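Taking it in order: structure first as structure tokens, then the write-up.
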Amino acid sequence: MLDKTKQGWWKKATAYQIYPKSFQDTTGKGTGDLQGIISRLDYLEKLGIDVIWLSPVCASPQVDNGYDISDYRAIDPMYGTLDDMKELIAKAKERGIGIMLDLVLNHSSDQHNWFKEALKSRDNPYHDYYVWREGTPESYPNDMKSVFGGPAWTYVPHLGQYYFHQFAPQQPDLHWDNPTLRRELYDMILWWMDLGVEGFRLDVIDQIAKEPDLHITGNGPKLHSFLRELSAETFQKGCLVTVGEAWGATPERAQLYSAPDGSELSMVFQFEHMCLDLEPGKSKWEIRPLPLVELKKNFEKWQHALHNCGFGSLFLNNHDLPRILSRWGDPQNYPAESAKLLAIMLHGMEGMPYIYQGEELGMTNIRLPIEAYKDLEILNMYKERKAAGIPEEQIMESIYQRGRDNARTPMQWDSSPQAGFTTGTPWLPVNPNYTEINAENRLADPNSVFYTYATLIRLRKQYEVFVKGDFTLLEKDHPHLFVYQRHYQHENLLVVCNFGGTATEWSLPPYWHGATCLVQNYQDTPVNGLRPWEARIYFKNEVN
Ligand code: GLC
Numbered sequence: 062m063l064d065k066t067k068q069g070w071w072k073k074a075t076a077y078q079i080y081p082k083s084f085q086d087t088t089g090k091g092t093g094d095l096q097g098i099i100s101r102l103d104y105l106e107k108l109g110i111d112v113i114w115l116s117p118v119c120a121s122p123q124v125d126n127g128y129d130i131s132d133y134r135a136i137d138p139m140y141g142t143l144d145d146m147k148e149l150i151a152k153a154k155e156r157g158i159g160i161m162l163d164l165v166l167n168h169s170s171d172q173h174n175w176f177k178e179a180l181k182s183r184d185n186p187y188h189d190y191y192v193w194r195e196g197t198p199e200s201y202p203n204d205m206k207s208v209f210g211g212p213a214w215t216y217v218p219h220l221g222q223y224y225f226h227q228f229a230p231q232q233p234d235l236h237w238d239n240p241t242l243r244r245e246l247y248d249m250i251l252w253w254m255d256l257g258v259e260g261f262r263l264d265v266i267d268q269i270a271k272e273p274d275l276h277i278t279g280n281g282p283k284l285h286s287f288l289r290e291l292s293a294e295t296f297q298k299g300c301l302v303t304v305g306e307a308w309g310a311t312p313e314r315a316q317l318y319s320a321p322d323g324s325e326l327s328m329v330f331q332f333e334h335m336c337l338d339l340e341p342g343k344s345k346w347e348i349r350p351l352p353l354v355e356l357k358k359n360f361e362k363w364q365h366a367l368h369n370c371g372f373g374s375l376f377l378n379n380h381d382l383p384r385i386l387s388r389w390g391d392p393q394n395y396p397a398e399s400a401k402l403l404a405i406m407l408h409g410m411e412g413m414p415y416i417y418q419g420e421e422l423g424m425t426n427i428r429l430p431i432e433a434y435k436d437l438e439i440l441n442m443y444k445e446r447k448a449a450g451i452p453e454e455q456i457m458e459s460i461y462q463r464g465r466d467n468a469r470t471p472m473q474w475d476s477s478p479q480a481g482f483t484t485g486t487p488w489l490p491v492n493p494n495y496t497e498i499n500a501e502n503r504l505a506d507p508n509s510v511f512y513t514y515a516t517l518i519r520l521r522k523q524y525e526v527f528v529k530g531d532f533t534l535l536e537k538d539h540p541h542l543f544v545y546q547r548h549y550q551h552e553n554l555l556v557v558c559n560f561g562g563t564a565t566e567w568s569l570p571p572y573w574h575g576a577t578c579l580v581q582n583y584q585d586t587p588v589n590g591l592r593p594w595e596a597r598i599y600f601k602n603e604v605n
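Per our numbering, numbering of the sequence shown is gapless, rising by one per residue and ending at 605.
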């Protein structure tokens, strides 16, 4: 177990993201709940993770599956009660697992009491908790668009004003310039810290300092001063791990966010690597084949940028992204090998790895009829594209490739009906491949992808080079190989990945002869040549 009273403990930790709605149902309602998570703590302990990033469980009308909070200090009845939450925190802690709460500080739900008050009149004390502009029904304050489609402004006739929302109209943006609002948020965070949570994931935190008049949403001029105040008033009073979602972070900005003095956050999620297989300058729905050479150089850039002057996160999946095995791996021909390669490639690097539920099983994307989808982003996009005359097949293909519901299908526990997720009807269909791909099968097979993840989590705690080693990219322009070396004092690592379904010539450089193979995705380790999707990590203990 990690000693979580020491600042920076999280540098050796691995997190596991739970999307609670799809994790484990104990009531038969078809949606997961906190007791369900408690019932699966043994499984998570076996995997070896240190932190659970828990997607939002606070009270919410669930327009955006909890990313629209109506009461920050209450648990949504769908998930249970505050007592269940306290039980989860305590029982996880017994196993060395901390709860990282997902906090949405950029916006609230329109059902939050603050917004209900704000709507009452322009001089209501809560009115200034939100972002308002004058206007008439015919003229919007400007042409800014919501991320989920449609205008970013909604008109309130009795006030004669528009409010600003970067996401759905039911997610009004909070007005961070207002110090009373900020104080209210800090008090709420301190309240959660008192309850024993060990960290926070801060939703779209780079958007809080918006300046809509200047068309600025992300990275507003006051962003870092807001973050420093937030951190000083809350996180720095404990020994927490914090991660901010920051789509537009540059390396320079990430250094500020994760400055080693702890003045802002522990780290951010930046998404550059997750955008390389998208058509540049187009929407998230337009994809292109993954350019491996660009991916390698991108990782190299970030590994160098944050080494010794910040800290990064390592991830390939989350609840907003399609499943990585379907995206970059080969679930048809090499499901186990490619799933393990992706894990090995990522977990050999510096940073805090995040595993998204089911990733450790090799879960894949799903194809559903449009009526079965639930995500508002998918449904809005479908409507907009239909109206624009785009052919049905093309729209559906984009959804199969990129839709967020790919990641949100229920966790596949075993081969019983509904994959052991629920005894009722699941809120989103279970992927029909659950009879093969499920936790019970994976646990029974000592060579399964589950154990590759478990090994990688353990290695990070065992060898300092995983945490502190520098990073040297080799074979930079090779179209199939992703090879890198790491070095810290007398510890040396070589990570070798043959990305793709063709065997590739390669031989272990002489320096590494006799090195220990710490993890691999085939049973044996010949010195020459790499088989399809083959990946290994070598270790050598020697001063060089
Ligand atoms: C973040 C969340 C996403 C949500 C959005 C609005 O990007 O990860 O799920 O829809 O913020 O809160």
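Where is the CB? At the ideal position from N, CA and C, for every residue including glycine. Note that the coordinates shown come from a computational prediction; the quantities given were computed from them, not determined experimentally.
Compare the Cα-Cα distances from residue i to each of the options and report the closest residue.
i, options, result
"Ala468", "His334, Asp64, Asn378", "Asn378"
"His173", "Gly211, Asp436, Ser121, Pro490", "Ser121"
"Lys357", "Asp538, Glu458, Val192", "Asp538"
"Cys370", "Leu382, Glu421, Pro312", "Pro312"
"Glu552", "Tyr599, Lys447, Pro493", "Tyr599"
"His574", "Glu566, Gly309, Lys601, Gly561", "Lys601"
"Pro414", "Val329, Glu340, Val557, Thr215", "Val329"
"Gly279", "Ile269, Arg384, Ile110, Ser286", "Ile269"
"Gly210", "Thr565, Met472, Asn441, Ala315", "Asn441"
"Arg592", "Thr563, Val557, Thr484, Pro321", "Thr563"
"His408", "Ser374, Arg384, Asn394, Pro396", "Ser374"
"Glu195", "Lys177, Val217, Pro186", "Val217"
"Thr75", "Asn559, Leu517, Leu569", "Leu517"
"Lys147", "Gly127, Val118, Arg349, Lys283", "Val118"
"Trp594", "Asp506, Ile113, Tyr187, Tyr395", "Tyr395"
Excluding the 5 residues flanking residue i on each side, which residues of the same chain have their C-beta closer than 6 Å to its C-beta?
i, result
"Ser387", "Thr425, Asn426"
"Gly561", "His541"
"Gly257", "Ile150"
DSSP puts residue i in a beta bridge; with which residues?
i, result
"Met328", "Val304"
"Ser286", "According to DSSP, Ser286 bridges with nothing at all."
"Asn553", "His548, Lys601"
"Leu136", "Checking the sequence, you will find Ile at residue 136 rather than Leu. Ile136 pairs with Cys119."
"His625", "Here the chain has residues from 62 to 605 only, and residue 625 is not among them."
"Trp237", "Bridge partners of Trp237: none, in fact."
"Pro212", "Lys206"
"Ile607", "Lying before the first or after the last residue shown, residue 607 is absent from the chain, which here runs from 62 to 605."
"Arg194", "Tyr223"
"Leu162", "Leu115, Phe261"
"Asn559", "Leu542"
"Leu437", "Leu437 pairs with nothing; no bridge assigned."
Whole angstroms are fine: how far does the CA of residue j sit from the CA of residue i?
i, j, result
"Asn502", "Asp475", "7 Å"
"Trp154", "Glu497", "Looking at the sequence shown, residue 154 is not Trp but Lys. C-alpha separation (whole angstroms): 32 Å."
"Gln418", "Arg521", "20 Å"
"Met254", "Glu525", "29 Å"
"Glu411", "Gly159", "21 Å"
"Glu294", "Leu339", "39 Å"
"Ala433", "Glu420", "23 Å"
"Thr533", "Glu361", "8 Å"
"Leu422", "Leu579", "21 Å"
"Asp144", "Pro138", "12 Å"
"Ala576", "Tyr545", "15 Å"
"Ile99", "Leu149", "6 Å"
"Pro587", "Lys529", "29 Å"
"Ser286", "Phe376", "27 Å"
"Val557", "Ser319", "29 Å"
"Met62", "Lys72", "13 Å"
"Gln85", "Asp184", "45 Å"
By Cβ distance, which residues of its chain are closer than 7 Å to residue i, with the 5 residues on each side in sequence left out?
i, result
"Gly390", "Ser399, Ala400, Leu403"
"His226", "His168, Ser207, Ala213, Thr215, Gln232, Pro233, Asp234"
"Leu115", "Ile79, Pro81, Ile160, Met161, Leu162, Asp163"
"Gln331", "Ala307, Ala310, Ala315"
"Tyr190", "Trp175, Ala179, Leu235, His236, Asn239, Leu242"
"His365", "Phe532"
"Arg134", "Met249, Trp252"
"Val265", "Asn167, Glu306"
Do residue i and the ligand COA come close, with the Cβ less than 7 Å from some heavy atom?
i, result
"Val265", "The model depicted lacks the ligand COA and carries the ligand GLC instead."
For residue i, which residues of its own chain have a beta-carbon under 8 Å away from its beta-carbon, when the five flanking residues on both sides are left out?
i, result
"Leu231", "As written in the sequence, residue 231 is Gln, which differs from the Leu given in the question. Excluding positions up to five away in sequence, the list reads Pro122, Val124, Asp125, Asp129, Ser170, Asp171, Gln172."
"Gln523", "none"
"Lys152", "Ile99, Leu102"
"His548", "Val526, Gly530, Asp531, Thr533, Leu554, Asn605"
"Leu437", "Val124, Asp125, Phe209, Ala229"
**Start-end ranges of the alpha helix (DSSP H) lying completely within the region 464-533, minimum 4 residues** = The alpha helix (DSSP H) runs lying completely inside the region 464-533 and spanning 4 residues or more are 500-505, 510-523, 525-529, given in chain order.
**Asked** What alpha helix (DSSP H) runs, 4 residues minimum, are completely inside the region 333-416?
**Response** 353-367, 385-389, 396-408
**Request:** Would you mind listing the alpha helix (DSSP H) stretches within the region 69-133 that are 4+ residues and don't spill past its ends, in chain order?
**Result:** 95-100, 102-108
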